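The structure under discussion appears below in the form of C-alpha cells.
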Amino acid sequence: MPKNPNPQGKGLVPVLQVVQQHAQRLAVPPKSIAQIEMELFTSLFVLQSEIRFSPVVGQRYWLYEREAGYRLSLVSPSEWHRALPQRNIGLCVLQADRTWTLELEPELASDDSFMALIEQQRAALHVALEQAQRVEDVLPVFASSLGYHGRVLAFILGKSLRCSMQLAGIAALPYQEAAGLLRHADADRALAQPPL
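Take 0 as the starting number for the sequence shown in numbering that gives the first Met the number 0 and just add one per residue.
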C-alpha cells in the first residue's frame with residue numbers, strides 16, 4: 000500500500016470548492032460586539048440543526064424541532080399535506096455575510112421550557128465570550144459536532160465574523176474591552192447630538 004492512500008486528495012476537493020464558493024461571496028461590514036454576539040448565537044442555534052442540503056443566501060428555510068434535535072427544511076408549515084410531523088420553530092434566512100436570521104414562531108414566546116433553553120444557551124455563549132482571552136477565540140473553526148453542511152457553514156461564519164471584528168478593531172480584544180468601546184461610541188454619539 001502506498002504511503003499516501005489518497006494522493007490526489009479525492010474527497011477533499013469538493014469540500015474546499017464549497018468553502019471557496021461561500022468565502023468569495025461574503026459581504027462583510029464592521030460590527031459591534033453586541034451584534035457579533037447576537038448573530039453568533041442565532042447562527043450557531045440554526046447550525047446545530049440537521050441540514051441535508053447546501054443553503055443558499057436569501058432563501059427562506061424553516062427550522063423544525065424533532066425528538067432528537069432540530070432540522071432545517073425547505074418545506075414551509077403551510078406546504079405540509081398533513082399535520083406537521085414536527086414543531087415549527089421559525090423562519091430562517093442565510094444572509095450575505097453567512098450569518099443566519101431566525102424569526103421565532105409567536106407562540107414560542109409562551110413556551111417557558113423552550114425560552115429557558117434559549118436563555119441557557121445564550122448565557123453559556125456570553126460566559127464563553129467573557130472568559131476568552133480574545134473575542135475571536137470563541138468563533139467556530141471546526142465544529143465536529145455538526146453535520147457536513149453545518150461544519151462548512153460554521154467555518155464560513157467564523158471567518159465572516161472575524162473579518163467584521165477586524166474591520167471594527169475588536170477582534171484581538173477581550174470581550175469587556177470590546178463592550179467598553181461600544182459604550183464609549185454610544186456616549187460619543189449621544190454627546191454629538193444637538194439638544195432638543
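Where a beta carbon is used, it is the ideal one built from N, C-alpha and C, also for glycine. From a predicted model like this one, the values you see are computed outputs, not experimental measurements.
Mind reading off the beta-carbon distance from residue i to residue j? Whole number of angstroms is fine, and I expect it under 8 Å.
i           : j           : result
residue 108 : residue 134 : Not a contact, Cβ separation roughly 30 Å.
residue 138 : residue 157 : 4 Å
residue 60  : residue 88  : Contact flag wrong, Cβ pair sits at about 11 Å.
residue 196 : residue 148 : This structure gives no information on residue 196, because the portion of the chain shown stretches from 0 to 195.
residue 174 : residue 131 : 7 Å
residue 120 : residue 44  : 7 Å
Among the options, which residue has its Cα nearest to the Cα of residue i?
i           : options     : result
residue 100 : 28, 178, 37 : 37
residue 77  : 179, 90, 57 : 90
residue 103 : 56, 125, 64 : 64
residue 176 : 79, 129, 83 : 129
Which residue comes first and which comes last in the alpha helix (DSSP H) that contains residue i?
i           : result
residue 157 : 147-167
residue 32  : 32-46
Alpha carbon to alpha carbon, how far is residue j from residue i? Give it in angstroms, no decimals.
i           : j           : result
residue 94  : residue 32  : 18 Å
residue 21  : residue 159 : Caution is warranted here: a pLDDT of 46 is assigned to residue 21, below 50, making its placement in the model unreliable, and the coordinate value is therefore given only provisionally. Taking the straight line from one Cα to the other gives about 10 Å.
residue 51  : residue 111 : 30 Å
residue 164 : residue 105 : 32 Å
residue 141 : residue 150 : 6 Å
residue 124 : residue 167 : 21 Å
residue 114 : residue 126 : 18 Å
residue 116 : residue 80  : 30 Å
Grab the span of the beta strand (DSSP E) containing residue i for me, first residue to last.
i           : result
residue 126 : From DSSP, residue 126 is part of no beta strand (DSSP E) but of the alpha helix (DSSP H) over 111-130.
residue 88  : 86-93
residue 62  : 59-65
residue 99  : 99-103
Are the beta-carbon atoms of residue i and residue j separated by less than 7 Å?
i           : j           : result
residue 153 : residue 39  : no
residue 73  : residue 62  : no
residue 155 : residue 97  : yes
residue 56  : residue 162 : no
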